[in-house]
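The structure appears below as structure tokens.
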Amino acid sequence: MRRKDREVTDPKAIVDIIDGCSVIRIGLADGDYPYIVPLNFGYTVTDGQICFYVHGAMAGRKYELMNKNKKCSFEMDIPLKIDCIAKEKNVTMRYKSVMGKADIEFLDGEEKQNAIDNIIMARYEQTRNFDYNRKTVPITAVARLSVTELSAKVNPVGETKK
């Protein structure tokens, strides 16, 4: 990381950033160009291991690429504001972000149902107690993304060039 002064290494601070993000973008290998998909997500942290949980149809480009190569990159961010610093004649984006790499594993049975109900649906206030159509579960893919590499960075509001 070029700007070590913006690096976030505290595990709690990293989880706080993740908690503030509503979308994870995953990058999947697709020949010469990556395929990037924004997704809603849930997550767990167990003994320091972060896992993201995503869902979607059991068909289509995302599903095919996730099955073809069980690895992905990911990124999530919280844009805070664009800051025009008149004194320095500088413009910067204030943000918090997390990115990294993960291994992909599709879930089945009770583990899949638990991920839907207690991780993904439970994460968002709007879906936490929503009585969704459970008949769609057999045709829904649920993947656990086990983080293998992670970095976090913050360009906080109020920081000026040193």
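Counting in numbering that gives the first Met the number 0, the final residue of the sequence shown is number 161, and the numbers go up one at a time with none missing. Glycine included, every Cβ here is placed at the ideal spot set by N, Cα and C. What you are looking at is a predicted structure, and each value in this text was computed from that prediction instead of being measured.
Would you mind working out which of the options sits nearest residue i, comparing C-alpha positions?
{"i": "Leu106", "options": "Pro137, Lys86 and Ala121", "result": "Pro137"}
{"i": "Thr45", "options": "Phe129, Val153, Val14 and Gly108", "result": "Val14"}
{"i": "Gln125", "options": "Asn39, Glu104 and Ala151", "result": "Asn39"}
{"i": "Pro37", "options": "Asp102, Asp76 and Asp18", "result": "Asp76"}
{"i": "Lys70", "options": "Ala56, Phe51 and Ala85", "result": "Phe51"}
{"i": "Val22", "options": "Arg127, Thr139, Tyr123 and Ile115", "result": "Tyr123"}
{"i": "Ser145", "options": "Gly41, Asp18, Asp9 and Asn113", "result": "Gly41"}
{"i": "Gly19", "options": "Ala114, Pro33 and Tyr94", "result": "Tyr94"}
{"i": "His54", "options": "Ala121, Arg133 and Ala114", "result": "Ala114"}
Would you report the Cα separation of residue i and residue j, rounded to the nearest angstrom?
{"i": "Lys11", "j": "Ile25", "result": "22 Å"}
{"i": "Gly47", "j": "Phe129", "result": "30 Å"}
{"i": "Ala58", "j": "Glu148", "result": "28 Å"}
{"i": "Ile119", "j": "Ile49", "result": "14 Å"}
{"i": "Lys80", "j": "Val153", "result": "12 Å"}
{"i": "Arg143", "j": "Ile103", "result": "6 Å"}
{"i": "Glu74", "j": "Lys86", "result": "32 Å"}
{"i": "Glu110", "j": "Ala140", "result": "12 Å"}
{"i": "Lys161", "j": "Pro155", "result": "No answer about Lys161 holds up, because its pLDDT of 47 lies below 50 and its placement is not dependable."}
{"i": "Lys61", "j": "Leu27", "result": "8 Å"}
Following the continuous beta strand (DSSP E) through residue i, name the residue where it begins and the one where it ends.
{"i": "Val146", "result": "Thr139 to Asn154"}
{"i": "Leu38", "result": "Tyr34 to Leu38"}
Note the first and the last residue of the continuous alpha helix (DSSP H) segment covering residue i.
{"i": "Gly59", "result": "Segment: none, Gly59 is in no alpha helix (DSSP H) and carries neither H nor E."}
{"i": "Gly41", "result": "Not the alpha helix (DSSP H): Gly41 falls in the beta strand (DSSP E), residues Gly41 to Thr45."}
{"i": "Val22", "result": "First-last for Val22: undefined, no H or E at that position."}
{"i": "Lys111", "result": "Gly108 to Asn113"}
Please classify residue i: is it buried, with 16 or more other beta-carbons within 10 angstroms of its beta-carbon, or exposed?
{"i": "Tyr131", "result": "exposed"}
{"i": "Lys88", "result": "exposed"}
{"i": "Ala56", "result": "exposed"}
{"i": "Lys134", "result": "exposed"}
If residue i and residue j are in contact, beta carbons under 8 Å, what's the gap, nearest whole angstrom?
{"i": "Ile16", "j": "Val97", "result": "5 Å"}
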